[in-house]
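First comes the structure, then the notes that go with it.
2 protein chains.
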Amino acid sequence: MERLKRTIDAIPTPDRDRMALAQRRLDNLTKPLGSLGRLEELAAQLVGITGQDSPSLKRKVIITMAGDHGVVEDGVSAYPKEVTPQMVYNFLRGGAGVNVLARQAGARVIVVDMGVAADLKTADHVSADGMTGFRNCKVAPGTRNFTKGPAMTRDEAVLSIVRGIEVVESEHARGLDIIGTGDMGIGNTTPSAAVLSILTGIDPETIAGRGTGVDDKGLARKVAAIRKGIEVNRPDRADALDVLAKVGGFEIGGICGVMLGAAARRVPVLVDGFISCAGAFLAVALAPRVKHFLIASHCSAEKGHGLCLEHLGLQPLLDLGLRLGEGTGAALAMHLVEAAVRILTGMATFEAAGVAKKL
Amino acid sequence: MERLKRTIDAIPTPDRDRMALAQRRLDNLTKPLGSLGRLEELAAQLVGITGQDSPSLKRKVIITMAGDHGVVEDGVSAYPKEVTPQMVYNFLRGGAGVNVLARQAGARVIVVDMGVAADLKTADHVSADGMTGFRNCKVAPGTRNFTKGPAMTRDEAVLSIVRGIEVVESEHARGLDIIGTGDMGIGNTTPSAAVLSILTGIDPETIAGRGTGVDDKGLARKVAAIRKGIEVNRPDRADALDVLAKVGGFEIGGICGVMLGAAARRVPVLVDGFISCAGAFLAVALAPRVKHFLIASHCSAEKGHGLCLEHLGLQPLLDLGLRLGEGTGAALAMHLVEAAVRILTGMATFEAAGVAKKL
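Protein sequences appear in the order of chains A and B. According to the working numbering, the stretch in the first sequence is residues 1 to 359, in order. According to the working numbering, the stretch in the second sequence is residues 360 to 718, in order.
Printed below as a string of C-alpha cells:
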C-alpha cells in the first residue's frame, strides 16, 4: 500500500511550458497551421509527458499481462481457459499477433504472468536478442468466480497493481521510452466490462460485447454474470481498489499499475483495447493526473469500448475493428506516436525553407 | 489516347482464388476469427491485387505531383501561388511533411512537375541515396482559370493522365511494390472539389472545405468559383476526360494516371487525401476495375472528403484530422498495409502453436 501511495504521489503534471514551445515550433513548420491534426496534438503531448523538447522513442516495450478468471465457469467465453497458458507460450515463441506487430514497431514484448491458472513451465528470462521476456508476478492462480463472492482480496488487488509498477521499474532500468499495455486472459472482457460498468455508471448490457466471439446466449450469460457480480459484491464505485477486488482481474490490476508506474517516471503509455481501458479507468480513479500520460491507441470492435473511451476523455488514434487484445493495437499505434515526434523534430521551418507564409 | 486505352485494357481483376486461400490462412492463425478487423481485409486485398500469397512491400514510393491553378486569381486559397515551386524545392531538400513521413516508412519520394507555373531550377534526377527524385512532366505552366473557360484542353487532360502512367512505369523499372499518391498545388482543393462535385452529383457547398485555411469569405469565393466553373464550362459528368479538362488540374490528371498505371501492373495504391480522391474518382470513372487496387489511406479534415470516399466505396484506414496533402496520409498508412501483410505471413497457426480452438 505504501509503495502504491508513493508511486501515485510521484506522478508529475505535464510540462506546460515546454508544450507551448513545441506548439510554437509546430506552427512554424512548412505546412498550413494545424494541418497535421492529431499528429500535432500528439507531438505536444509527448513533449509535455517527457519534459523533453525532442522526445526519444527508441526503447519501446509492450507489456502483455496474463491472468485467468473464475467467472469463465459461467460460460462467458468462446474459448476454453487452457488457451491462456497456451497463448503465453505462443507469445514466448514469437508466434502471436502482438509479436508480429511489436517486431514491426521495434518493440520488445514482456509477458507477465499476473495470475494464470496453470503452472507455467518457464522462469523469468529475456530472449537472446532482448526482444521477448517473461516475468512471473503471479498473485494467485486465477481469480475466484465473482458471481459467488469477490474475485480477489483487497490485498491481492493492491498487490496486482504494485506488481505492475515493479514491472515498469525493472523495464525502466533496462531502458524505456514508451510502453504499450496488453492483456491475455480467457474471459477477461467480462471483468473488464464489470469494472467499466461500475466506474462509468453505464448499464452492463451497453458495455459488454462478444469478446472473442460468444454467440447471443453466451452474451446473455455474460451480462447476467456481470449483473450478479455487482449484486452479490456491491462494489463501492468511489473506491477503485474495492471495484478491482470485487469484480476485476489480476492482469487488469497489473495494467493499472503499469500506467501509474509509467506516469511516475514520465513515460508515455499507449492504452491497448477494452481490457486496458478498464485498467486505465482504475488508474485514473486512483490518480487523476495519470490521464495526461495515456494515449488511446485504438477503438476496438468490443461493444462498449468507444463509449468508455469517450467517458474517460481519450480519443483513439485508430479504429480498425480490432478485438484481439495482447497489445496489438498499442503496438500498431506506436508508429503514429513516432510519426508525431518525427514531424516535430524533422520538418523544415518556413524561414529555413524560404517558403512564403499565409496571405 | 492509344496509350491510355492500352493501360485501361491491361488492368486485371483481383485474384479471387488466392484471396480465398489467404482468408483461409488468416482464419487458422492464433487469434479469434476476424479479430484483426481491417488488417485482415487489407491482407486479403493485397493478395488479390498482387496475385502473390506473400506480397512483398519493400520498395515503396510516394509520388507527389505538383501543379498550379489559374483559378487562384479568384482568391480561393490562403497561400500565394509562389508556394507551389517553393514547396517543390522543400521536397527536394527533404524538409517537408511528406519527406519526414516517407523516411519513417522507408519510401522514396518522387516529385513530379505536372504543371507548376514557374521554371523550376532543377532537372530530372534521383538523390545519391535514391530516396528523393524529380521528374519534369510539365503539361503547361498552370491551368487556365476555369471560371472563364476550360482549365485545359482535352488533349492536355489526356496527356496529364498519360504522364502519370509513364511515371509509374519508370518507377516500376526501378523496383516498386506499393505507391502512395500525393499532391502539391496552391489552390488545388478548388478544382478537386469541382471534379468531386460533378462526379458525385453533390452540391459544391457540401464538398468544398477550407483547404489550407481560407476564412469564411475565402470559402464563399471558392464555392462561387466552382459554381461558375460548372456553369461556364458545362462539363459532361459521363465523360471523365471532359470533367478533368474543364475544371480539373494537371496534378489531378497525373494522380489519376498513376492509379491506372499501378493497377495495370498489379501494384497497390494508397490514396492520399482530398486531391487524390478526385484523381481516384476520375480513374474509377475511366476504368471501374481500378477500384480494387486502391486503398484509402485516411479521411482528411477537408469538408467533403469523408462523404466522397463513401460515395466511391472506399473506407479510410486513418482519421487523424490531417489536411496537408503531399502524400503525408499515404506515407503514414503504409505502416498499416505492411502490418496486414506481416500478420498474414508472420503469425503462428493454431496447430503449429498447440493452441485450442473455439469451444
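Just so you know, even glycine gets a beta-carbon here, dropped at the ideal spot from N, CA and C.
Listed in chain order, the alpha helix (DSSP H) runs fully inside the region 273-304 of chain A are 274-286, counting runs of at least 4 residues. With the rule of 3 Cβ pairs closer than 8 Å, the region 442-451 of chain B counts as touching the region 475-487 of chain B. Taking CB atoms only, residue 101 of chain A has a neighbour in chain B less than 8 Å away. The contact set of residue 323 of chain A on chain B, defined by CB atoms closer than 9 Å, consists of 391, 393, 394, 395 and 396 in chain order. The beta carbon of residue 463 of chain B falls within 8 Å of a beta carbon belonging to chain A, placing the residue at that interface.
Neighbours of residue 702 of chain B across chain A, judged by C-beta separation under 7 Å: 97 and 100.
Only exposed fits residue 6 of chain A, as fewer than 16 other CB atoms lie within 10 angstroms of its CB. Each of A:21, A:87, A:326 and A:290 was checked against the Cα of residue 256 of chain A, and the nearest Cα belongs to A:290. As a beta-bridge residue in DSSP terms, residue 64 of chain A pairs with A:111 and A:182.
Residue burial is scored here from C-beta neighbours: residue 375 of chain B has fewer than 16 other C-beta atoms within 10 angstroms and is therefore classed as exposed.
Of all residues in the region 71-89 of chain A, the ones placed with a Cβ closer than 7 Å to any Cβ belonging to chain B are 78, 79, 80, 82, 83, 86 and 87, in chain order. Within chain B, 442, 445, 446 and 449 have C-beta atoms less than 7 Å from the C-beta of residue 355 of chain A, given in sequence order. By alpha-carbon distance to residue 33 of chain A, the top candidate from B:611, B:456 and B:621 is B:456. Within chain A, the residues whose beta carbon sits less than 7 Å from that of residue 694 of chain B are 335, listed in sequence order.
The beta carbon of residue 219 of chain A sits no closer than 8 Å to any beta carbon of chain B. Across the structure, residue 645 of chain B and residue 618 of chain B are spaced so that their CA atoms are roughly 11 Å apart. Think of a sphere of 8 Å around the beta carbon of residue 2 of chain A: no beta carbon from chain B falls inside it, the nearest being about 40 Å out. Here residue 167 of chain A is not near residue 120 of chain A, since their CB atoms are 8 Å or more apart.
Separation of the CB atoms of residue 107 of chain A and residue 62 of chain A is rounded to 5 Å, and the pair is thereby assigned contact status at 8 Å. For the region 568-592 of chain B, the set of residues with a beta-carbon nearer than 7 Å to any beta-carbon of chain A comprises 571 and 572, in chain order. Within 10 angstroms of the beta-carbon of residue 190 of chain A lie 16 or more other beta-carbons, which makes it buried. The beta carbon of residue 323 of chain A is closer than 6 Å to those of 300, 301 and 302 in its chain, skipping five residues each way along the sequence. Sorting B:567, B:621 and B:590 by C-alpha distance to the C-alpha of residue 368 of chain B places B:621 at the top. The region 701-713 of chain B makes contact with the region 393-406 of chain B: 3 or more CB pairs, one atom from each, lie closer than 8 Å. By DSSP's assignment, residue 696 of chain B forms no beta bridge with any residue. The Cβ neighbour count for residue 27 of chain A, taken over all protein chains shown within 10 Å, is under 16; the residue is labelled exposed. A contact between stretches requires three or more CB pairs, one per stretch, nearer than 8 Å, and the region 63-79 of chain A fails this requirement with the region 594-611 of chain B. DSSP lists B:471 as the beta-bridge partner residues of residue 494 of chain B. DSSP lists B:493 as the bridge partner or partners of residue 484 of chain B. The DSSP assignment places no complete run of the beta strand (DSSP E) inside the region 436-460 of chain B (cut-off: 3 residues). In this structure, DSSP gives residue 349 of chain A an extended state, which the three-state scheme calls strand.
Residue 518 of chain B is positioned such that its CB atom lies no closer than 8 Å to that of residue 667 of chain B.
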